[in-house]
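Protein chains: 2
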Amino acid sequence: MSKGIAQLSQEMSAQLSDSDIPKGFRFAATHCGLKKAKLDLAILVSEFPASAAAVFTTNQVVAAPVVLSRAHLKRSRHQMRGLIVNSGNANCCTGSRGDTAAASTASKFAAALGDVSPSQLIVCSTGVIGAPLRVEKILAAIPGLIQSLRSDAASFAQLARAIMTTDTRPKWAGARYSAGGRQIRIIGCAKGSGMIMPNLATMLSFIATDASISPAMLDRALRAVVGPTFNSITVDGDSSTNDTAAVIANGQSGARKIASDNADFRKFCAALDSVCKSLALAIVADGEGAQRVIEVEVRGAPSARAADQVARTIANSPLVKTAFAGADPNWGRILAAAGRSGVRFNFKRVDISIAGLLVCRRGGETPFSERVAHQKMLASFVPVVVDLRAGSSTARIWTCDFTGEYVYINSSYRT
Amino acid sequence: MSKGIAQLSQEMSAQLSDSDIPKGFRFAATHCGLKKAKLDLAILVSEFPASAAAVFTTNQVVAAPVVLSRAHLKRSRHQMRGLIVNSGNANCCTGSRGDTAAASTASKFAAALGDVSPSQLIVCSTGVIGAPLRVEKILAAIPGLIQSLRSDAASFAQLARAIMTTDTRPKWAGARYSAGGRQIRIIGCAKGSGMIMPNLATMLSFIATDASISPAMLDRALRAVVGPTFNSITVDGDSSTNDTAAVIANGQSGARKIASDNADFRKFCAALDSVCKSLALAIVADGEGAQRVIEVEVRGAPSARAADQVARTIANSPLVKTAFAGADPNWGRILAAAGRSGVRFNFKRVDISIAGLLVCRRGGETPFSERVAHQKMLASFVPVVVDLRAGSSTARIWTCDFTGEYVYINSSYRT
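Chains A and B, in that order, give the protein sequences. If you count by this note's numbering, then the first sequence holds residues 3 to 417, one letter each, in order. If you count by this note's numbering, then the second sequence holds residues 3 to 417, one letter each, in order.
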């Protein structure tokens, strides 16, 4: 992490404090009735017009709110005022009634806020695909939600909780840094546990900052940061229909406005990267049924694209992921997955280390203690390094182990 | 199946009879000590020089016996005499000692047979990758194996059993047909349960026939047949380093020799197809932890390649496969998997049926009974039809459901 950035995350601080919240934002969450007795609807509002950037799923099957939010960002020239998100229903494959539901949510939300147009709002949904959204429950809850808007840490934590589906815990991360004598804060939350292999986005992630930055530079920052963070994680290789990562910057820190690629921009990018990386790792660590995070690092690849392809193939291999569930240093499965990735290399040159132990040298087994390897693999974070010795490019993908619990969760998700 | 072909398989006949065995073949199996107290070494011998064809894994990481067998087929111009196969160790990523082990196995086998050269023999291994092969156990067992060669059904059944790894049952299938007044028999066995997504081959499959056919036409028949059979199944999307499907035809039926694309050739292809299809389905049905076979049929695709790509993406989706484990008609996951396959289509035109019930019409839910769908999905064979309405091409892939048992098997495979 860059010097001068103070980072917060669940691991570093059990409690979010009010001073971590960027200026000029308010949050609220409620239970509107889409889920049973759990928070399922939340809003984020900037008190002032703010720059916004967002990336969305690349799945062709896209949910109604994704289509609507893309259009809103364009129509408002990336000058937004807030977002509304529900969990419990993805509003995807719901036909024209789904489109109407998303649009009426934005309209009702805008009208209740007063001085905001619907196109200044982002709408997100997450949950079951294909079931009709009972939008009347959302519409009925909006006035109460707006009444309960607050700018404190507790209300942000409620937002983080309201977007959960199979997540076992809320996920948030923050960062702060100084520029021109002003303190700038970034706070973000994310949800995601299954159907995770983002491609230009993650499940849902909402990031608020009081940095002052033009929409163009904010978009550039977000696109630069998602590659090595949200786009470098996988739980099961399935990418969702509703993926959205949005960042809203309202300038209320009073810091100089970032309008070009200068030192302030790089500071902002470093802080945004630290928040997105924390959130991405939190998603993998909370992957459905996961016991541990596995960092797959591929080195010595002929190109960055090839490195990424090998790393993703390993990170998505059910046989590799189940071996990690059993803390089994089965490097043969890692090498076999690399071998079917489509990237050309000579497997008789490959070295593999697991949890810091060299287990495969030049494509063959090298003596190591199975007992020590097993013990090290029981950790919550296990690095794997695969050196192809076929070039100088690298890639890093984070995944989790594949347990019986994943199957249990997903064999009865709807019922 | 074509008229005039009598097909045998486990489902149709509990017991193989001696009259199902093609003429001029002998088989033997033994426990040589690579596994604990189970058959782990077997041979198949043709009493006369025979045409042979084989397809192998497309994984770049290939086992020593695959490299050796490819070279032997070439050197002997596809005129072979038999094969030797061990389970319990894949002899893969075992360096130059692995190459020597495979070669010495062929040499010892050839010397013990007497009138055969090593290059007339195919060598196969299956089991753990990366562990050194204790070839001395194989070499020591060869003379005894040859002593016990027999041409009956019981010895073939032992071959089918000796190649098993995580398979829960031996897999075999047979067919017979007449041409020119002669009866021709085909018998095949296969192993495979995990690391199954064959690409130009399957795990291991050995097929013997007393048909008389030139090596060139035998190769053509095998390549035509593997596409819609062995290459159309997946258990976990991981393709193995040792995949081999070999067919040996010794002409001992006395039937006319097939040397061109004539009626006899088409009869032979139909019979070979029926055997390979039975074996492929048996592999999926015995997929690690599988409760049921899922037939994913994609229709209305813009091209055959696109249809195959969509079908494979659905068939390998962990979320789709876990939903089937729970007999959950979660068609949204099927559509979402199709959406990330890379094939362009308009998801608002897609129809999906599960177990004969239309569950998604024009990309949205259509009324159906969840209870009826659940009941139908508890069957051992569940067809899924996805009609993209984007062309006229089709594809069919067989997969199995993804259960906690798969994870249990694979989290402790080596230990």
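Quick reminder that beta carbons are idealized off the backbone N, C-alpha and C, glycines included.
Checking the DSSP bridge columns, you'll see B:T246 partnered with B:F58 and B:L206.
Looking at the DSSP output, B:C191 shares a beta bridge with B:W174 and B:F208. Here DSSP, grouped into helix, strand and coil, assigns B:M166 to coil. Burial is judged here by how many other beta carbons sit within 10 angstroms of a residue's own beta carbon; A:V295 has at least 16 and is buried. Taking 8 Å as the cut-off, the Cβ atoms of B:W174 and B:E297 do not count as close.
Sequence-distant Cβ neighbours of B:A133 in its own chain, meaning closer than 7 Å and more than five residues away, are N91.
By the neighbour-count criterion, in which 16 or more other beta carbons inside 10 Å mark a residue as buried, A:Q254 falls on the buried side. In this structure, the alpha-carbon of B:D240 lies about 23 Å from that of B:A164. Of B:S98, B:S21 and B:M82, the smallest CA-CA separation from B:A112 is found for B:M82.
Sorting A:E49, A:Q62 and A:A31 by C-alpha distance to the C-alpha of A:D245 places A:Q62 at the top. Taking A:L321 as reference, the option from B:S98, B:V130 and B:L359 with the minimal CA-CA separation is B:V130.
Counting of Cβ neighbours within 10 angstroms places A:N264 among the exposed residues, the total staying below 16.
Apart from the 5 residues on each side of it in sequence, B:A325 sits with its Cβ closer than 7 Å to the Cβ of N332 and R335 in its chain, given in chain order. In the three-state reduction of the DSSP assignment, B:V295 falls in the strand class, which pools E and B. Of all residues in the segment 117-148 of chain A, only V130, I131, G132, A133 and P134 come within less than 9 Å of chain B when Cβ atoms are compared, listed by chain position. Residue contact with chain A for B:S241: present (Cβ-Cβ distance below 8 Å to some residue of chain A). For B:R314, the three-state secondary structure derived from DSSP is helix. Here B:F404 has P320, K323, T324 and A327 as same chain residues with Cβ atoms under 7 Å from its own Cβ, once five neighbours each way along the sequence are excluded. DSSP places B:F326 in the helix class (H, G or I) of the three-state scheme. Interface with chain B (8 Å Cβ-Cβ cutoff): A:C362 is included. Within a 10 Å sphere around the beta-carbon of A:S89 sit 16 or more other beta-carbons, which makes this residue buried.
A:V409 and A:S262 have their C-alpha atoms some 48 Å from each other.
DSSP lists A:R301 and A:D353 as the beta-bridge partner residues of A:D389. Any Cβ of chain B closer than 8 Å to the Cβ of A:Q62 would place that residue at the interface, and such an atom is present. Judged by DSSP secondary structure, A:A261 falls outside any alpha helix (DSSP H); it is assigned neither H nor E.
If the five residues before and after A:A309 are omitted, its C-beta is found closer than 7 Å to the C-beta atoms of V300, A303, S395, T396 and A397, all from its own chain and listed in chain order.
Annotated three-state conformation of B:F232 is helix, per DSSP. Proximity to A:V237 across A:D221, A:G194, A:A251 and A:D275 peaks at A:G194, based on C-alpha coordinates. A:D389 is a Cβ neighbour of A:V352, given a cutoff of 8 Å. Under the Cβ criterion (8 Å, minimum of three pairs), the segment 137-145 of chain B does not count as touching the segment 334-350 of chain A. DSSP places A:S394 in no alpha helix (DSSP H); its state is neither H nor E. For B:C94, the neighbours in chain A by C-beta distance under 9 Å run, in chain order, G334, L337 and A338. Listed along chain B, no residue sits closer than 9 Å to A:R258 by beta-carbon distance, the nearest being about 41 Å off. Membership of A:N88 in any alpha helix (DSSP H) is not indicated; the residue belongs instead to the beta strand (DSSP E) covering Q81 to S89.
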